[in-house]
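Read left to right, the sequence shown gives residues 15 to 143 (the numbering used here).
Written out below as C-alpha cells is the structure these notes cover.
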Amino acid sequence: MTVTGFPTSNDIYLEVGGKKVAVVQSYSAKATKTSGTVEAFGEKEPVATMAGSVKHELELARLYATDEALQDGIDFYKLEGFSLVIVKPDKRIIYSDCQWSNISEEAGLGTMVLEKVKVVASKRIVTAV
C-alpha cells in the first residue's frame, strides 16, 4: 500500500443529497460502545460480555461553505441528515445521517472566524477508493 499524503480540507467535506456543501479544515472522531458484562449468581467474575450500540461523535473545525451552497443560501443551523466524507489515500470514510449537537464560533482581533461543530452520526461506512 502506498500512502500519498494526508487528507486536506478538499478531502474532508459535508454532503447533502450527494452534493458537497462545505469543506472542513480538520476533524476528530470518537466512537463509544455501550458494552457490558453478564454476571451469574455465585460467580466471582463475569461469565460473558455483551456488545452494545455504537455512538459516533465528531468535532469539525473551520467549515467553509462551497460557492454553490452559499448561492443556495445554506444555513448550518438548519442542516439535518447530512454526511461527513473523509477521503484518504486508500479508503473513503462516510459518517451518515448526521445531526449537529453543538455549534460554536470564536473570533479574535484580526483573525478568521473559527467555527467548531459537534456532530453525531448514526453510521460509519468504510469503502475502498
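For glycine and all other residues, C-beta sits at the position ideal for the given N, C-alpha and C.
Predicted model, so just to flag it, every value in this text is computed and none were measured.
Asked	Found
Residue 72 burial status per 10 Å Cβ neighbour count (16 or more: buried)	buried
Whether residue 36 touches residue 75 by CB criterion (8 angstroms)	no
Exposed unless 16 or more other CB atoms sit within 10 angstroms - verdict on residue 129	buried
CA nearest to the CA of residue 102, picked from 143, 46, 64, 70	143
Rounded separation between residue 42 and residue 132 - CA only	10 angstroms
Supposed close pair residue 48, residue 66 - CB separation, criterion 8 angstroms	3 angstroms
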